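*Asks:* Residue numbers (UniProt numbering), protein chains in the order written: chain A, 1 to 660; chain B, 1 to 349.
All C-beta atoms, glycine included, are put in the ideal place defined by N, C-alpha and C.
Computed from a predicted model, the values in this text were never measured in an experiment.
(1) Just the chain B side, please: which residues come within less than 9 Å of residue 458 of chain A by C-beta, in chain order?
(2) Closest to residue 244 of chain B by C-alpha separation, out of B:52, B:105, B:290, B:56, would be which residue?
(3) Could you check the C-alpha separation between residue 59 of chain B and residue 380 of chain A for me, to the nearest Å?
(4) Note the first and the last residue of the continuous beta strand (DSSP E) segment covering residue 118 of chain A.
(5) In this structure, does DSSP put residue 193 of chain B in helix, strand or coil?
(6) Across the stretch 168-183 of chain A and the stretch 128-145 of chain A, are there enough close Cβ pairs to call them in contact, namely three or more that are closer than 8 Å?
(7) Between residue 125 of chain A and residue 176 of chain A, which are expected to be in contact by the criterion C-beta below 8 Å, what is the C-beta distance as a whole number of angstroms?
(8) What whole-angstrom Cβ distance do residue 23 of chain A and residue 366 of chain A have, given they're in contact under 8 Å?
(9) Hey, is the stretch 103-117 of chain A in contact with the stretch 202-210 of chain A, meaning 3+ C-beta pairs nearer than 8 Å?
(10) Counting only the same chain and skipping the five closest in sequence on each side, list residues whose C-beta sits under 7 Å from that of residue 665 of chain A.
(11) Touch check for the stretch 536-551 of chain A and the stretch 401-419 of chain A: three-plus C-beta pairs under 8 Å?
(12) Leaving out the 5 sequence neighbours to the left and right, which residues in its chain are closer than 7 Å to residue 557 of chain A when beta-carbon positions are compared?
(13) When DSSP labels each residue in this structure, what does residue 87 of chain A get in the three-state scheme?
(14) What does residue 316 of chain A reach in chain B if we use C-beta pairs closer than 7 Å?
(15) Would you kindly work out how many angstroms separate the C-alpha atoms of residue 97 of chain A and residue 203 of chain A, rounded to a whole number?
(16) Looking at chain B, which residues of the stretch 519-545 of chain A have a Cβ within less than 9 Å of any of its Cβ atoms?
(17) When the Cα atoms are used, what is the spatial distance from residue 622 of chain A to residue 34 of chain A?
(18) Name the one or two DSSP bridge partners that residue 263 of chain A has.
(19) Helix, strand or coil for residue 637 of chain A? Go by DSSP, reduced to three states.
(20) Just verifying my parser: in three-state terms, what is the DSSP assignment at residue 100 of chain A?
(21) Comparing the C-beta of residue 36 of chain B with each C-beta of chain A, is any distance below 9 Å?
(22) Quick check: what's the CA-CA separation for residue 130 of chain B versus residue 113 of chain B?
(23) Would a check of beta-carbon distances place residue 291 of chain B closer than 9 Å to chain A?
(24) Apart from the five residues just before and just after residue 25 of chain A, which ones in its own chain have a Cβ nearer than 7 Å to its Cβ?
(25) Given that a residue counts as buried once 16 or more other Cβ atoms are within 10 Å of its Cβ, and exposed if not, what is residue 131 of chain A?
(26) Quick check on residue 139 of chain B: buried or exposed, where buried means 16 or more other Cβ atoms within 10 Å of its Cβ?
(27) Cβ of residue 12 of chain B less than 9 Å from any chain C Cβ?
(28) Would you say residue 257 of chain B and residue 198 of chain B are within 9 Å of each other, going by their C-beta atoms?
(29) Which residues of chain B have a Cβ atom closer than 9 Å to the Cβ of residue 388 of chain A, listed in chain order?
(30) At a Cβ cut of 9 Å, what residues of the stretch 324-348 of chain A count as close to chain B, listed as they run along the chain?
(31) Flag this pair as yes or no: are the beta carbons of residue 164 of chain B and residue 177 of chain B separated by less than 9 Å?
(32) Closer than 8 Å between beta carbons: that is the criterion. Which residues of the stretch 460-476 of chain A meet it against chain B?
(33) Less than 8 Å separating the Cβ of residue 279 of chain A from some heavy atom of the ligand MG?
(34) Suppose you measure from the CA of residue 549 of chain A to the CA of residue 315 of chain A; what does that come to, to the nearest Å?
(35) DSSP puts residue 392 of chain A in a beta bridge; with which residues?
(36) Is it buried or exposed, residue 284 of chain A, if we count other Cβ atoms within 10 angstroms and call 16 or more buried?
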């Protein structure tokens with residue numbers, strides 16, 4: 001159920017200073033930069049134009065050169081933070097750098113300890129008019145802030161060069177800001193090679209502004225028809241499901257909707273928005289809610305059908321984005337350094353070629369950004385009062401961790417109990433022969449001292465678990481070697497990966513012995529599997545909750561239902577058949593590629609099967625160092641394989657005992 | 001290697017004592033369980049031991065000294081045992097309490113069933129027809145050999161003087177022996193540095209008022225000493241097992257525990273594999289250890305690097321770890337006593 005709670009609201013943003021003069025200045029900037037873009041070669045001219053404008057305002061300028069990260073799979077990338085790949089240092093001849101332009105306003109009333117960051121990305125290779133508009137917007141706000149008397153934190157404006165990707169530019173700058181790398185040779189020499197005029201050397205020394213208290217990324221997107229108003233789309237998810245503090249989102253939403261008349265969206269699953277069965281469910285809940293309301297007027301459970309459908313679509317998208325663990329924009333780079341950041345994409349209703357529409361967008365957008373900056377400026381501390389762990393169901397509604405943890409806890413709670421019951425149940429079965437000996441025979445029997453392995457019998461099941469985990473580690477590391485071979489299509493890579501995994505599995509079985517020796521009972525194997533999955537899900541829920549939640553939905557029914565297909569001879573035929581069918585269905589669903597196919601089908605609405613897609617998806621996950629990749633291969637896959645083992649268990653011990 | 005040799009000696013003694021009790025069938029059955037091999041494999045392949053080696057910690061050296069001491073005592077080599085004891089106590093203070101099991105080992109010999117069992121056996125044997133020779137050998141079992149113990153104390157004195165002399169020569173410029181004692185033993189006992197670790201003391205001492213600090217220091221340090229005497233009285237016939245229990249307790253209650261301490265006592269646990277075959281809760285303990293060792297770094301990361309957790313999360317894993325160790329120690333002692341009781345029942349039946 002969507003909730004709404006009290007949040008931070010700043011009253012001083014009531015009278016924005018951004019006025020039509022600032023909009024006119026933005027227009028002037030826009031014309032200038034269009035001219036510069038027209039004659040630019042390689043994007044350096046844009047950077048020079050921006051830096052010239054910033055210098056004219058009286059603020060500090062600096063350039064930041066960076067190189068893109070390599071996209072290769074490296075096993076340690078998951079555990080170390082993204083270090084700048086300076087190994088691709090050119091020998092002074094390559095001009096394939098990106099240049100970020102940074103402007104810094106030092107606050108007149110502040111002490112320089114904190115800063116607010118404004119980011120406007122643009123592609124220096126191929127600039128389009130929307131990016132120029134966003135640069136103009138950023139510049140006009142920057143110039144307004146340089147004259148503001150209420151400023152107590154420094155303002156940093158980053159015009160990020162997104163030719164290698166927006167995220168790469170921002171994360172490279174942040175990395176240099178927080179973890180500087182000092183090179184033996186200076187990079188200043190390189191730039192003088194391609195710079196015709198002698199740039200001032202001071203532009204190349206990296207300048208900093210203190211700890212960042214919040215960051216805002218501004219883009220102007222495509223023209224979209226959401227209605228009669230301009231709209232703003234908020235993107236908040238960072239890597240591994242981390243979110244900025246909810247207060248930041250609330251500030252943006254309140255100022256956008258109630259002060260500037262924007263319409264705020266968050267991304268949603270379009271397929272869910274138009275699905276018929278969701279509408280049916282929504283109507284059912286609506287009717288149920290009205291009935292309940294008649295019984296007790298305090299139960300306000302009847303939600304309007306469109307609200308329910310939209311809320312579900314937003315929630316599904318929120319969970320999905322968090323579960324993937326991949327940031328939805330360059331605000332994710334800020335989260336790695338504990339800075340709250342959100343991306344705003346302005347979508348004008350009318351074409352921006354229309355001068356009036358453009359001015360209006362600039363005016364309102366500028367006021368919104370100024371309002372947000374002013375609110376953050378007036379804070380004495382970083383955002384920490386509101387939630388960090390939540391799902392968004394609407395731009396102003398959320399589900400907090402206290403509520404969404406309950407279903408997960410309910411799913412996870414029976415697992416240790418089932419495991420203990422299975423493990424103990426096995427022990428009580430063993431005690432039967434011992435009692436026979438004690439009662440019947442009086443002679444000293446050495447079996448009493450040596451209980452045929454005693455209570456350590458589960459060690460064999462643990463050995464099977466260890467072998468399977470080892471296999472899973474090998475499988476997850478295989479792409480490192482497969483990517484070394486160049487020129488493979490995704491389809492070929494996926495097929496090779498599958499074949500190599502099967503070969504390694506067979507090799508491990510040969511080395512360590514088959515998993516069905518006389519000693520391993522299926523109950524112990526199932527207990528071991530359940531314990532390992534509870535530890536794995538518990539760990540994952542701390543790292544990325546959404547992944548653990550979705551994984552638990554798929555894996556836990558599969559584990560709890562699993563019984564060997566040959567067991568259950570004492571049951572009637574109908575329950576046995578139901579159990580068989582459910583076991584097989586769940587096993588098929590639990591297979592990681594099958595689960596991914598379902599996710600893809602729900603998210604994009606297309607259900608085509610392509611083996612190469614699996615490889616592409618995995619590549620996407622490991623490029624962003626998402627913990628979801630590790631979860632899939634180190635928790636989900638071994639559990640699925642163990643489940644298959646339990647299903648195919650030959651059950652010799654039960655037959656033997658029944659014969660005795 | 002040393003663990004393996006210790007295991008072999010323990011096994012020989014065990015077989016001998018079982019033979020004396022007439023339980024020859026048990027000896028034949030248990031021949032395939034080589035306790036020494038199991039223990040050494042556990043120690044070598046323990047992920048915690050590997051992690052301490054990767055982290056370049058000095059705990060493997062301390063563990064080596066403790067095992068030298070135990071091996072020397074089991075094989076009745078007094079100089080070796082004394083050397084191990086002095087070095088272990090010099091490196092970290094807590095192996096000092098292991099003097100009790102070492103003296104018992106040197107005096108009585110390696111683990112054996114309690115003397116009561118032997119007396120019962122001889123009294124039941126006197127009822128049946130047995131040769132005089134057997135009676136005499138069965139009575140001569142448990143005598144405390146003072147000579148070995150005195151030998152040990154003499155070597156202890158020599159080694160400790162030597163180590164202190166060397167230390168004072170090296171540290172003459174820096175401040176001498178007093179400074180060394182203050183910085184090493186004093187630091188361990190007064191718990192000045194409260195950085196988080198896997199123990200329980202740091203959290204407690206971060207909250208205690210200064211007025212009560214010395215009181216609580218005394219309480220926590222005496223906590224270990226209180227357990228020495230009762231355990232020694234109960235388990236004096238099994239000194240090697242007593243040493244294992246002491247290392248377990250020390251790993252739990254010392255002021256700065258680490259993963260290397262648990263590597264030591266988990267390895268020693270393997271030496272008693274045949275007696276501890278019926279320990280309860282082994283499944284829970286095994287997966288508990290795995291769970292805590294995976295969860296604890298994640299909680300630490302969440303608290304310090306991500307900032308979305310707090311100290312309580314990390315301390316909760318420390319508490320769970322202590323709980324697991326407690327269960328392990330209690331269960332192992334309980335099952336060892338049950339084993340002795342079973343032997344007694346078998347002999348009298």
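*Replies:* Let's see:
(1) 282, 283, 286
(2) B:105
(3) 46 Å
(4) For residue 118 of chain A, the uninterrupted beta strand (DSSP E) run begins and ends at 114-122, by DSSP.
(5) Annotated three-state conformation of residue 193 of chain B is coil, per DSSP.
(6) no
(7) About 22 Å; that fails the 8 Å criterion.
(8) 7 Å
(9) Enough Cβ pairs lie closer than 8 Å, so yes.
(10) Nothing can be reported for residue 665 of chain A: it is not among the residues displayed for chain A, which extend from 1 to 660.
(11) yes
(12) 586
(13) Because residue 87 of chain A carries a pLDDT of 39, less than 50, the predicted location of this residue cannot be relied on, and no value is offered for it.
(14) Result: empty, since nearest Cβ-Cβ is about 24 Å, beyond 7 Å.
(15) 16 Å
(16) 524, 527, 528, 531, 532, 534, 535, 536, 538, 539, 542, 543
(17) 38 Å
(18) According to DSSP, which records beta bridges pairwise, residue 263 of chain A is partnered with A:231.
(19) helix
(20) strand
(21) Between residue 36 of chain B and chain A, the shortest Cβ-Cβ separation is not below 9 Å.
(22) Note that residue 130 of chain B scores a pLDDT of 48, beneath 50, so its modelled location is shaky and nothing firm can be said.
(23) yes
(24) 140, 143
(25) Note on residue 131 of chain A: 16 or more other CB atoms within 10 angstroms of its CB, so buried under the neighbour-count rule.
(26) Because residue 139 of chain B carries a pLDDT of 45, less than 50, the predicted location of this residue cannot be relied on, and the following value inherits that uncertainty. Flag for residue 139 of chain B reads exposed.
(27) Of the chains in the structure shown, none is chain C; the protein chains are A and B.
(28) yes
(29) 307, 308
(30) 338
(31) yes
(32) Listed by position along the chain: 462.
(33) Ligands displayed in this structure: none; no statement on the ligand MG is therefore possible.
(34) 13 Å
(35) A:398
(36) Classified as exposed, residue 284 of chain A has fewer than 16 neighbouring CB atoms from the shown chains inside 10 Å of its CB.
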